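What follows is one structure encoded as C-alpha cells, with my remarks underneath.
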Amino acid sequence: MVFSTQNLLVTPRSEVILRSIGKQQARNILGEKSISILYMKVLQLSAISAWYGMAMLASLSPTMAHAVPPVKFASPVPYGALNASDVAVNDFDGDGKMDFASVTRLPNLMSVFTNSGNGSFGISSNYALPNQPFSIAAGDLNGDGKPDIVATWRGVISVFTNVNNATFAPAIDYGIFTNNALILSSVSLGDFNGDHKLDIAVGILGSNVVTVLLNNGNGTFGSPTNFPTHSTANMGPITITLADLNNDGILDIVTANGSGGDSISVLLGNGDGSFSFGTNYSTKGYPICAVVGDFNNDGKPDIAATNPGENSIGLLFGNGDGTFGTAITTQVLADPRPMAAGDLNGDGNLDLVMVHNSITSTSARGILLGKGDGSFLAETNAFAPPPVNRIIVADVNGDNQPDLLIAASSGVSIYLNQSVPTLKGDYQTGRLVLQWPNWAGYILETATMLPTDTWIAVTDTPALVNNQNSLTNFVTGSNQFFRLNHH
Numbered sequence: 488m489v490f491s492t493q494n495l496l497v498t499p500r501s502e503v504i505l506r507s508i509g510k511q512q513a514r515n516i517l518g519e520k521s522i523s524i525l526y527m528k529v530l531q532l533s534a535i536s537a538w539y540g541m542a543m544l545a546s547l548s549p550t551m552a553h554a555v556p557p558v559k560f561a562s563p564v565p566y567g568a569l570n571a572s573d574v575a576v577n578d579f580d581g582d583g584k585m586d587f588a589s590v591t592r593l594p595n596l597m598s599v600f601t602n603s604g605n606g607s608f609g610i611s612s613n614y615a616l617p618n619q620p621f622s623i624a625a626g627d628l629n630g631d632g633k634p635d636i637v638a639t640w641r642g643v644i645s646v647f648t649n650v651n652n653a654t655f656a657p658a659i660d661y662g663i664f665t666n667n668a669l670i671l672s673s674v675s676l677g678d679f680n681g682d683h684k685l686d687i688a689v690g691i692l693g694s695n696v697v698t699v700l701l702n703n704g705n706g707t708f709g710s711p712t713n714f715p716t717h718s719t720a721n722m723g724p725i726t727i728t729l730a731d732l733n734n735d736g737i738l739d740i741v742t743a744n745g746s747g748g749d750s751i752s753v754l755l756g757n758g759d760g761s762f763s764f765g766t767n768y769s770t771k772g773y774p775i776c777a778v779v780g781d782f783n784n785d786g787k788p789d790i791a792a793t794n795p796g797e798n799s800i801g802l803l804f805g806n807g808d809g810t811f812g813t814a815i816t817t818q819v820l821a822d823p824r825p826m827a828a829g830d831l832n833g834d835g836n837l838d839l840v841m842v843h844n845s846i847t848s849t850s851a852r853g854i855l856l857g858k859g860d861g862s863f864l865a866e867t868n869a870f871a872p873p874p875v876n877r878i879i880v881a882d883v884n885g886d887n888q889p890d891l892l893i894a895a896s897s898g899v900s901i902y903l904n905q906s907v908p909t910l911k912g913d914y915q916t917g918r919l920v921l922q923w924p925n926w927a928g929y930i931l932e933t934a935t936m937l938p939t940d941t942w943i944a945v946t947d948t949p950a951l952v953n954n955q956n957s958l959t960n961f962v963t964g965s966n967q968f969f970r971l972n973h974h
C-alpha cells in the first residue's frame, strides 16, 4: 500500500520507531517499550512479516489517512471554595511557576493559590469581596514586575496590588455604576494606547458596550469610557477577548453577545485607547463565549464561538485585515458554553476545549481536536460537573504541556495533561524531516539496528517553531531508527 501524500497516525500500545531505509522508504516497527506515538508521512509500507519477534505494520485503513493524535488528561484535582466563577493564571510569588487566583460566590472571595512546583497548589490567602464576584484577570499594573489582580463584582472593579510574594494590598475600587446593579461579566487586561502599561476592559452584561479604563501609569486608572458593540442582544457582552486581529500591533476586542443578537462583535483598536464602532458577525444560537486563534494555519487570526442555542461551534475565518468570513458551524453536544483554545495534543494545530452546562453525566465530552485546516474531529473526553464558568489552558507543572484549569460549581479543578508526544516523519524532496512537540523530558534518540539497548541521543539542535521541534536531513545511515524517550 502506498501513501505518497497522506498523513498517517499509528497508535500502538508499545513503542513506535521510524525506520529510514536508504533514505527512500519508511517503515513503522512496533517495539518493546511504551514510549511514544508516531505521526508521520510514509512512501511505502511493507507486507506483514515477523522481525525479531516484533510485528511490522502493513495495511492501514484509508480512514487513518488524516488521523489526529489523541489527548489524555489526569483525573481532576479540586481546589478552593465551591461556586468558582472565574480563574486567572500568573506567577504571583516570583518563583517561576504558574500560580492561580480565583473568585467565588457565596462565599464572596478572591483567593490566591501558589504552585508547589509539580502542578499541585497550596492556598496563599483569601480576600473578601463585598458582593458576588464574576470575573478576574492578572497582570503587572504598576510596572514593578509583580503581577496584580483585577476582580469584578456588581458595578465595581477591584484592583489588588501585589505587595510581595503573592501577598496583596487591600483593594482599590472603581465604581462603574453607582447602584451596583449591573454585572461586570468579563474582564481583560491589555495595553490599548501604546504606553506599555496594562489597561482594563470589562463587558457589562446587558449593556451592549465594552468599558475601558486607561492606566495612569502607576497602577491607578482613569474614568471609564464606553464603546458600543453595535449588537441588538439583550444579554451582551457576556465575554470579551483581546487579540490583534488586523496585524497592526494594536489590540482589538471580540465580544460574545448572547441571546437577542445571535452575534459576536469586533471592535478594532485605534491605538490611542479608543475603539471603532463594533462590527457584528452572526454565529446563530446566541454565542456565549468567543476565542481567537489560527485554526486553519494560514497565519491569520480566526474566531470560534460557542452557540448553546444551536448546539454548535461557530467558526469565522479571518481575512487578516480585521474582517471575517461567514460563520461555519460544527454541531456539538447540547448547551456548549465556556471554551478555550490550545494545542492540547502537541501536533502543532489548535484544539478547542468546552463544557456543556446542561449535561450532568460523565459523557459530557468537551474536546475538539483540530486537523489544522479549520475542521475538527468529533468531541472526546469528559470534564468537571456543570455548571462551569471558565476554562483556562496553561502549563502549571512546567513540562511545556498545556493543562486545564476549570472554574465550576465544585471549585477550581486542575487537569494535568498526560498526552504522549507525537513524532512526525516526513520525506521532502529526498530529505527526512522529524518533528515533535517541545515537551519537557523527551529526548530524540537514534539506533542503527533492532533490537538494541544502545540508543544514542541525537545531538543536533532542532529548530523551534510554535512549540514544535524540527530536524531536517540528518540521516547518516541506510538503516537508521528513531524514537522519543522520556528521561
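In our numbering, the protein residues as written are 488 to 974. Cβ atoms here follow ideal geometry from the backbone N, Cα and C, with glycine treated the same way. As the structure is a prediction and not an experimental result, all values here were calculated from the model.
Alpha-carbon spacing of Leu923 relative to Ala895, whole angstroms: Along the sequence shown, one-based indexing puts residue 923 at 436. Along the sequence shown, one-based indexing puts residue 895 at 408. One detail in the question is off: residue 923 reads as Trp in this sequence, not Leu. Distance between the alpha carbons of Trp923 and Ala895 is about 34 Å.
With a CB to CB cut of under 7 Å and the five nearest residues on each side skipped, what residues in its chain are close to Pro825? The residue given as residue 825 occupies position 338 in the sequence shown. Once the five neighbours on either side are set aside, the close Cβ partners of Pro825 are Cys776, Met841, Val842, Val875, Asn876, Arg877, Ile878.
By the 10 Å Cβ neighbour count, where 16 or more other Cβ atoms means buried, how is His717 classified, buried or exposed? Counted from its first residue, the sequence shown places residue 717 at position 230. Under this definition His717 is a buried residue.
Three-way DSSP call (helix, strand, coil) for Arg970 in this model: Taking the first residue of the sequence shown as 1, we reach residue 970 at position 483. The answer is strand: DSSP assigns Arg970 an E or B state.
Status (buried if at least 16 other CB within 10 Å, exposed otherwise) for Pro563: Stepping through the sequence shown from its first residue, residue 563 is reached at position 76. Under this definition Pro563 is a buried residue.
Hey, would you say Ile930 sits closer than 8 Å to Asn904, going by beta carbons? For the purposes of this step, residue 930 is identified with residue 443 of the sequence shown, where counting begins at 1. For the purposes of this step, residue 904 is identified with residue 417 of the sequence shown, where counting begins at 1. In terms of Cβ geometry, Ile930 and Asn904 do not form a close pair [threshold 8 Å].
Roughly how many whole angstroms lie between the Cα atoms of Gly765 and Gln818? Along the sequence shown, read from residue 1 onward, the residue named residue 765 stands at position 278. Along the sequence shown, read from residue 1 onward, the residue named residue 818 stands at position 331. Cα to Cα, the separation comes out at about 27 Å.
The beta strand (DSSP E) with Trp640 in it runs from where to where? Within the sequence shown, the letter at position 153 stands for residue 640. 635 to 640 is the span of the beta strand (DSSP E), which, as asked, contains Trp640.
Enumerate, from N- to C-terminal direction, the unbroken beta strand (DSSP E) stretches of 3 or more residues contained entirely within the stretch 779 to 863. For the beta strand (DSSP E) assignment, the uninterrupted runs of no fewer than 3 residues enclosed by the stretch 779 to 863 are, from N- to C-terminal side, 789 to 794, 799 to 803, 815 to 818, 823 to 829, 838 to 843.
Across which residues does DSSP place Gly898 in a beta bridge pair? Along the sequence shown, read from residue 1 onward, the residue named residue 898 stands at position 411. Partner(s): Ala895.
When the Cα of Asn844 is compared with those of Asn794, Gly859, Asn887, Gly704, which residue comes out closest? Position 357 of the sequence shown, counting from 1, holds the residue named residue 844. Of Asn794, Gly859, Asn887, Gly704, the residue nearest in Cα terms is Asn794.
Within 10 angstroms of its Cβ, does Asn570 collect 16 or more other Cβ (buried), or is it exposed? Numbered from 1 along the sequence shown, position 83 holds the residue referred to as residue 570. The residue is buried, with at least 16 neighbouring Cβ atoms inside 10 Å.
Inter-residue spacing [alpha-carbon to alpha-carbon] between Asn515 and Ile751: Walking along the sequence shown from the start, residue 515 turns up at place 28. Walking along the sequence shown from the start, residue 751 turns up at place 264. Annotation note: pLDDT 34 at Asn515 (below 50); position unreliable, no value reported.
Where Asn744 falls: helix, strand or coil (DSSP): For this step, residue 744 is matched to residue 257 along the sequence shown. It is coil, neither helix nor strand.
In the stretch 592 to 649, which residue ranges form an unbroken beta strand (DSSP E) of at least 3 residues, counting only runs that do not cross its ends? If only complete runs of 3 or more residues are kept, the stretch 592 to 649 shows the beta strand (DSSP E) at 596 to 602, 608 to 615, 622 to 626, 635 to 640, 643 to 647, in order along the chain.
Nearest residue (CA-CA) to Pro788, options Asp822, Gly772, Val753: Against the sequence shown, residue 788 aligns to sequence position 301. That would be Val753, whose Cα lies nearest to the Cα of Pro788.
Are the CB atoms of Gly642 and Gly662 within a distance shorter than 8 Å? Residue mapping note: residue 662 aligns to position 175 of the sequence shown, counting from 1. Residue mapping note: residue 642 aligns to position 155 of the sequence shown, counting from 1. Yes.
In the DSSP output, which residue or residues are listed as bridge partners for Pro715? Your numbering for residue 715 matches position 228 in the sequence shown. Looking at the DSSP assignment, Pro715 forms a beta bridge with Val696.
Compute the beta-carbon to beta-carbon distance between Leu669 and Ile644, rounded to the nearest angstrom, for a pair I have assumed lies under 8 Å. Here residue 669 corresponds to residue number 182 of the sequence shown, with the count starting at 1. Here residue 644 corresponds to residue number 157 of the sequence shown, with the count starting at 1. Contact annotation, Leu669 with Ile644: C-beta distance approximately 12 Å; criterion of less than 8 Å not satisfied.
Going by CA-CA distance only, name the one from Phe863, Asn595, Ser607 that's closest to Phe587. Numbered from its first residue, the sequence shown carries residue 587 at position 100. Distance from the Cα of Phe587 is smallest, within the candidate group Phe863, Asn595, Ser607, for Ser607.
Can you have a look at Met597 and say buried or exposed, based on whether 16 or more other CB atoms are within 10 angstroms of its CB? By 1-based counting over the sequence shown, the position of residue 597 is 110. By the 10 Å Cβ count, Met597 comes out buried.
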